[in-house]
Amino acid sequence: MATISQGCTKHAAVVVQAIPAGATVLVLGDSISYGTGAEHGTQDYPTLLARKTGWQVINAGIAGDVSSGGLSRLPGLLAQHRPQLVIVELGGNDFLRQMAPARVEENLKSIVHLVQQADAAAILIAMPQVSLAGPLSDHPLYARAAEATGALLVPHAVSAVLSDGRLLADQVHPNAEGYRELADALTKQLHDLGVLR
């Protein structure tokens, strides 16, 4: 298997093996992972990612979940599925509920540490800051959390989809086309990170 290194300032270089077809990948997320706004089980991005990669993708997305909820659910999911990779898509509901960004960042760091203790790789999907107008941009806490923990980061993918009205089912969820765009963007970035060959 190929390996890649990603340097970070607070940790030694992170070496991540390319995840082979057939590997178990866990998606820990909220309604965007669940697929709200499209058909769950066929049009959500974890299902599309499984088709593109050959991975056995476990969709642990729960509508309305927040980072603390994901942190609480994670130990059981890790024990049950023993994934090689965990993709974390959480924080959007925290922001909508005006939870303190520092608390969200700490929850994400704790999630990454649990994943790493289970000998799996962790990827954080950056979520956008709440904005009433204009294109959305990633909340900076995701880059900080990735740097602090050595997790890999997928930036801009969700922000780009949620900034395009043609790709939305409502103000905060993609439609089927939006989930296709999100799956395509994730696949490209996973290739670029060396996680996918």
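With numbering that gives the first Met the number 0, letter number 34 in the sequence shown gets 33, and the count goes up by one each step, no holes.
Backbone N, C-alpha and C define an ideal beta-carbon position, used for all residues, glycine too.
Reference residue i; option with closest CA among the options
{"i": "Ser71", "options": "Leu89, Arg50, Gln42, Trp54", "result": "Leu89"}
{"i": "Gly133", "options": "Thr52, Arg96, Val103, Leu161", "result": "Leu161"}
{"i": "Val26", "options": "Ile122, Ala99, Asn92, Met98", "result": "Ile122"}
{"i": "Gly63", "options": "Gln79, Ile86, Ser30", "result": "Ser30"}
{"i": "Asp183", "options": "Ser32, Lys51, Ala147", "result": "Lys51"}
{"i": "Leu76", "options": "Leu95, Leu189, Leu113, Lys187", "result": "Leu113"}
Rounded C-alpha distance that separates residue i from residue j
{"i": "Ala101", "j": "Tyr141", "result": "11 Å"}
{"i": "Glu176", "j": "Gly164", "result": "11 Å"}
{"i": "Gln42", "j": "Arg143", "result": "31 Å"}
{"i": "Cys7", "j": "Gln115", "result": "Residue confidence for Cys7 is low, a pLDDT of 41 falling below 50, so the modelled location carries little weight; the figure read from the coordinates is stated next. If you take the alpha carbons of Cys7 and Gln115, they lie about 16 Å apart."}
{"i": "Val24", "j": "Val87", "result": "11 Å"}
{"i": "Ala59", "j": "Ser32", "result": "8 Å"}
Close Cβ partners of residue i (< 8 Å) along its chain, the five nearest in sequence each way excluded
{"i": "Ser136", "result": "Pro127, Gln128, Ser130, Ser158"}
{"i": "Ala1", "result": "Low confidence applies here, because Ala1 scores a pLDDT of 30, under 50, leaving its location unreliable and the question unanswered by this model."}
Contacts around residue i, its chain only, beta-carbon distance under 6 Å, and the 5 residues preceding and following it disregarded
{"i": "Ala125", "result": "Asp137, Tyr141, Pro154"}
{"i": "Ile3", "result": "Low per-residue confidence applies at Ile3: pLDDT is 33, beneath 50, and the placement is therefore not dependable, though the value from the model is reported in the following sentence. Excluding residues within five positions, the ones whose Cβ falls inside 6 Å are Val15, Gly193."}
Beta-carbon proximity list for residue i, same chain, < 7 Å, skipping 5 on both sides
{"i": "Val103", "result": "Ser66, Gly90, Asp93, Leu140"}
{"i": "Gly53", "result": "Ala20, Gly21"}
{"i": "Leu185", "result": "Tyr44, Leu48, Val153, Ala156"}
Task: Inter-stretch contact (C-beta, 8 Å, three-pair minimum) for the region 169–180 and the region 19–39 - done: Three or more pairs of CB atoms, one per stretch, sit closer than 8 Å, so the region 169–180 contacts the region 19–39.
Task: Inter-stretch contact at 8 Å, needing at least 3 Cβ pairs: the region 97–111 / the region 54–73 - done: Enough Cβ pairs lie closer than 8 Å, so yes.
Open item on the list: Taking contact to mean 3 or more Cβ pairs, one atom from each stretch, closer than 8 Å, check whether the region 43–53 and the region 77–85 are in contact.
Closed with: Taking one beta carbon from each stretch, the region 43–53 and the region 77–85 have fewer than 3 pairs nearer than 8 Å; the two do not touch.
Task: Contained beta strand (DSSP E) runs [length at least 3] in the region 114–154, N- to C-terminal order - done: For the region 114–154, whole beta strand (DSSP E) runs of length 3 or above, ordered along the chain, are 120–124, 151–153.
- [ ] Mind listing, in chain order, the continuous alpha helix (DSSP H) runs of no fewer than 4 residues lying wholly within the region 28–114?
- [x] For secondary structure counted as the alpha helix (DSSP H) over 4 or more consecutive residues, the region 28–114 holds these complete runs in sequence order: 30–33, 44–52, 66–80, 91–95.
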